[in-house]
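Below is one structure, written out as structure tokens; the observations come after it.
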């Protein structure tokens, strides 16, 4: 029995109709493609009237297949599937042809664009005739959620879910939650004390009845699928019993070993071999640094064990593996600072009074190593002039081509703090000043009024080689001032490098563990950069904060809350619907070669050792087709993308070539398909 196909071509205002003769395409499809009983064009097919038109034709004309030629399926495929389903037609008997992004937006010749649009429509029509009804699968959702990363985005997501009454497991690799925000002094543009607004959230998470924290821990393995993930966490040995420790701090106070704190204090301060990262740390349980501890290195000391009033020191403690079951995962793993030594011409690591932005943050902090005093490396001399260099490692084809988003505002904040605390002149050496968010431009204008000097241009070099007497003993910032149109040499006492925000060093490994990918820049890839910026291509895995791309604190908080809202919606519903477009293995034809097991980017194929065949885990499969193409035995089939469907689609797309090369009878898509 022949199918009854309905074809609908959208004008999309002038987005499509401005380059494609939409009426001609619809008329041609109705006259030349077999089994087409309805062929219409309409201004906006995605509108309620456009959808109603499809639904009425399904009911009146008895349509068994529907094709809509419009924009990208990413935008409105679900819209039209839902319209078909509401009219009683299986949603997978609908096919969408993209004649906007694939035709009108990339074409320059109207006749060629119209001809290509006909090919797209013919391809979709021939394909849809062979599509089969499919039924989405439903999976129950475990109400527990795993949040990876205890920075501000992870804390916000954790509290949103915990306050809603759902259990949350929070994993943080550092000894305390808080992330980079705990290191900051003030936050722009309001100049709020960072600790004052962060530590209440930290305390709330630490005391929340629905939150289980795993600090000084790392995510090692993830298996399962949306609604029912199984995760393995390595809880690293602190060598302190958390149940016995009261956080009194006597052990750190009496410890005889001091080392440079390269982590929290960015190398400017020192800590003990047994330590908590900062006074407001959550939890308060200290950690023994085995590489610095005298007992672990020389077998002597044990001072902390002797003076601990509760006997909490445990030198025999070992790493612990914890296995959990969760329904969803939120990744909020944050960022790391660019290594400014890579831009050698700026002298970091070679010239003593060149500082990174994180070092300067700690210097400005009242709880930092200098007590908030802005001084040179000698620890006592106050600078008379400071240069702040923007975009170090950002907007640089040799390092990171992207803008780090927060550097301009952080530089303005630093300028304000210098002017507030010292009498120094401040020079902001910038490429472009970017202040796009609420109250940011006003903050820039405020700094102009406060007397901060702005020099536009890319710094070429920072050197200590003076040419004239007043340059001797100074750092010289060599650059072109593009506004004045001349070279400048600015003598200063201190240089602050605004280093780029970079993905964590193990971001790709973490992504592979959770079944998601990273962009070329290393940030986690979202499902859609505009319409779905918190979800990923793996159902049940969400991203929040800077791990998805550079952003400021308000945006990180908003994204953390958004990810939590998405998870909460799935938990409240109780079940999640999974697309039925998945691969399947014909076990009789499978040779057990396991090629598909190693190639699957989502880890969706397992091997049955008993039967010696591969099997697809449908809840994990995304229907990408990698295994289908790779199988040497042709034992794997992709639902909705089988060989016959794709062959018919290709034949339809080549209708004009076949019409030219073969007989006139082959001019129709159906005749071409038969010939193939």
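Residue numbers (our numbering): 174 to 849.
Every residue, glycine too, gets a C-beta built ideally from N, C-alpha and C.
Report yes if the C-beta distance between residue i and residue j is below 9 Å; otherwise report no.
| i | j | result |
| --- | --- | --- |
| residue 154 | residue 439 | In this structure the chain extends from 174 to 849, so residue 154 is not present and cannot be described. |
| residue 548 | residue 557 | no |
| residue 198 | residue 341 | no |
| residue 320 | residue 505 | yes |
| residue 601 | residue 645 | no |
| residue 240 | residue 265 | no |
| residue 641 | residue 668 | no |
| residue 480 | residue 469 | no |
| residue 450 | residue 349 | yes |
| residue 323 | residue 299 | no |
| residue 183 | residue 216 | yes |
| residue 720 | residue 507 | yes |
| residue 590 | residue 537 | yes |
| residue 212 | residue 179 | yes |
| residue 716 | residue 758 | no |
| residue 733 | residue 356 | no |
| residue 454 | residue 431 | no |
| residue 476 | residue 409 | no |
| residue 609 | residue 639 | no |
| residue 154 | residue 383 | Lying outside 174 to 849, the shown extent of the chain, residue 154 is not represented and no answer is given. |
| residue 238 | residue 305 | no |
| residue 291 | residue 829 | yes |
| residue 711 | residue 775 | yes |
| residue 366 | residue 429 | no |
From residue i to residue j, what does the alpha carbon distance come to, in whole angstroms?
| i | j | result |
| --- | --- | --- |
| residue 174 | residue 256 | 25 Å |
| residue 707 | residue 700 | 7 Å |
| residue 632 | residue 617 | 21 Å |
| residue 523 | residue 510 | 18 Å |
| residue 652 | residue 360 | 29 Å |
| residue 176 | residue 755 | 25 Å |
| residue 672 | residue 782 | 51 Å |
| residue 793 | residue 825 | 32 Å |
| residue 803 | residue 770 | 10 Å |
| residue 765 | residue 808 | 10 Å |
| residue 518 | residue 373 | 42 Å |
| residue 281 | residue 193 | 10 Å |
| residue 189 | residue 278 | 8 Å |
| residue 737 | residue 336 | 11 Å |
| residue 497 | residue 546 | 46 Å |
| residue 220 | residue 262 | 19 Å |
| residue 848 | residue 827 | Reliability fails at residue 848, whose pLDDT of 33 lies under 50, so the model's placement of it is uncertain and the value that follows must be treated cautiously. Going by the C-alpha atoms only, they are around 12 Å apart. |
| residue 842 | residue 352 | Reliability of the predicted coordinates at residue 842 is poor, the pLDDT of 48 falling under 50, and the value obtained from them is presented with this limitation in mind. Looking at the two C-alpha atoms, the distance is approximately 60 Å. |
| residue 131 | residue 252 | Missing from the structure shown is residue 131; the chain here goes from 174 to 849 and no further. |
| residue 527 | residue 561 | 10 Å |
| residue 580 | residue 613 | 12 Å |
| residue 743 | residue 790 | 21 Å |
| residue 596 | residue 565 | 26 Å |
Could you check if residue i is buried or exposed, using at least 16 other CB atoms within 10 Å of its CB as the buried criterion?
| i | result |
| --- | --- |
| residue 718 | buried |
| residue 571 | exposed |
| residue 458 | buried |
| residue 676 | buried |
| residue 694 | exposed |
| residue 369 | exposed |
| residue 851 | There is no way to answer for residue 851, as the model of the chain reaches only from 174 to 849. |
| residue 186 | exposed |
| residue 423 | exposed |
| residue 404 | buried |
| residue 882 | The displayed coordinates of the chain run from 174 to 849. Any statement about residue 882 would go beyond what the structure contains. |
| residue 301 | buried |
| residue 472 | exposed |
Would you please state the rounded distance, in angstroms, between the beta carbons of residue i and residue j? I believe it to be under 8 Å.
| i | j | result |
| --- | --- | --- |
| residue 850 | residue 314 | Residue 850 is absent from the model: the chain starts at 174 and stops at 849. |
| residue 686 | residue 371 | Not a contact, Cβ separation roughly 28 Å. |
| residue 500 | residue 309 | Between residue 309 and residue 500 the Cβ distance is about 18 Å, and since that is not below 8 Å, they are no contact. |
| residue 603 | residue 629 | 6 Å |
| residue 567 | residue 670 | Contact flag wrong, Cβ pair sits at about 11 Å. |
| residue 486 | residue 413 | 6 Å |
| residue 749 | residue 400 | 5 Å |
| residue 260 | residue 228 | 4 Å |
List the DSSP bridge partners of residue i.
| i | result |
| --- | --- |
| residue 676 | 508 |
| residue 788 | 779 |
| residue 636 | 649 |
| residue 811 | 756 |
| residue 154 | Examination of residue 154 is not possible in this model, given that the chain is present from 174 through 849 alone. |
| residue 770 | Note: residue 770 sits in no beta bridge, so no partner. |
Could you check whether the Cβ of residue i sits closer than 8 Å to any heavy atom belonging to the ligand PLP?
| i | result |
| --- | --- |
| residue 180 | Of ligands this structure carries none, so the ligand PLP is not represented either. |
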